[in-house]
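Numbering (my numbering), first residue to last: 8 to 188.
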């Protein structure tokens with residue numbers, strides 16, 4: 008196993024992630040439905056919306072047998088965020104980055120990974136949308152392109168959620184100042 012290097016822009020990347028105020032939040036249907044759609048399109052048993060914190064990978068949405076988070080060191084998404092586009096690992100046992108990864112050699116025994124980095128408007132990769140399988144495989148072009156569209160929708164949902172959170176915070180601040188007067 009070869010852990011992914013830390014991005015040069017890690018400090019700014021983490022600030023961008025934290026700006027969304029989404030880590031450790033409850034499941035939300037708007038994200039879970041997109042993740043489920045990814046499994047249907049790609050015909051995979053696992054799909055995730057992964058967000059990469061300083062030392063952990065936390066899943067906003069999980070379809071399939073995965074824990075709610077993993078260490079960042081073993082996260083496939085740690086490699087995915089280093090790319091600007093789709094990352095595919097057709098067979099994890101043939102890729103030196105993952106051959107001894109605990110997620111590969113023990114449960115859930117991942118053999119295939121495909122993911123797009125979740126890149127915000129400032130260009131920071133805060134996580135990924137990914138699909139996984141227990142057997143080696145590839146994806147058809149239509150599946151990859153569909154995943155890209157879902158990835159864009161996830162970023163729109165994240166941005167909308169962040170915007171609404173900001174509006175709610177402003178309203179709360181106004182109400183507090185009015186009641187204090």
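We treat Cβ as the ideally placed atom computed from N, Cα and C, and that holds for glycine.
Worksheet item: Can you give, in chain order, each stretch of the beta strand (DSSP E) that sits fully within the stretch 82-130 and has at least 3 residues?
Response: 94-96, 119-126
Item to complete: Round the Cβ separation of residue 166 and residue 23 to the nearest angstrom and send it over; I've been treating them as touching at under 8 angstroms.
Response: Their Cβ separation, rounded to whole angstroms, is 11 angstroms, which puts residue 166 and residue 23 out of contact at 8 angstroms.
Fill in: Limits of the unbroken beta strand (DSSP E) element including residue 44
Per DSSP, residue 44 belongs to no beta strand (DSSP E); it is in the alpha helix (DSSP H), 36-49.
Worksheet entry | Classification of residue 64 by the beta-carbon crowding that lies within 10 angstroms, buried from 16 upward | buried
Worksheet item: To which residues does DSSP link residue 77 through a beta bridge?
Response: 64
Worksheet item: Do residue 66 and residue 55 have their C-beta atoms closer together than 7 angstroms?
Response: yes
Practice prompt. Thinking residue 94 and residue 122 are a contact (beta carbons under 8 angstroms), I'd like their distance in whole angstroms, please.
Written response: 5 angstroms
Item to complete: From the DSSP output, in three-state form, read off residue 133 for me.
Response: strand
Fill in: Nearest neighbour of residue 157, chosen from 12, 45, 28, 11 [CA to CA]
45
Practice prompt. Would you tell me roughly how many angstroms separate the C-alpha atoms of residue 171 and residue 71, rounded to the nearest one?
Written response: 30 angstroms
Worksheet item: What three-state label does DSSP hand residue 139 in the structure shown?
Response: strand
Worksheet item: Which term fits residue 36, buried or exposed, when burial requires 16 or more other beta carbons within 10 angstroms of its beta carbon?
Response: exposed
Practice prompt. Note down the Cα distance separating residue 173 from residue 182, rounded to an integer number of angstroms.
Written response: 14 angstroms
Worksheet item: Short check: CB of residue 195 to CB of residue 9, under 7 angstroms?
Response: The question about residue 195 has no answer here: the residues shown for the chain are numbered 8 through 188.
Worksheet item: In terms of residues, what are the limits of the alpha helix (DSSP H) holding residue 21?
Response: 17-26
Worksheet item: For residue 107, is the classification buried or exposed, using 16 other Cβ atoms within 10 angstroms of its Cβ as the cut-off for buried?
Response: exposed
Worksheet item: Would DSSP call residue 147 helix, strand or coil?
Response: coil
Practice prompt. Tell me whether the beta-carbon of residue 161 lies closer than 7 angstroms to the beta-carbon of residue 136.
Written response: yes
Worksheet item: How should residue 61 be labelled, buried or exposed, when 16 other C-beta atoms within 10 angstroms of its C-beta is the threshold for buried?
Response: exposed
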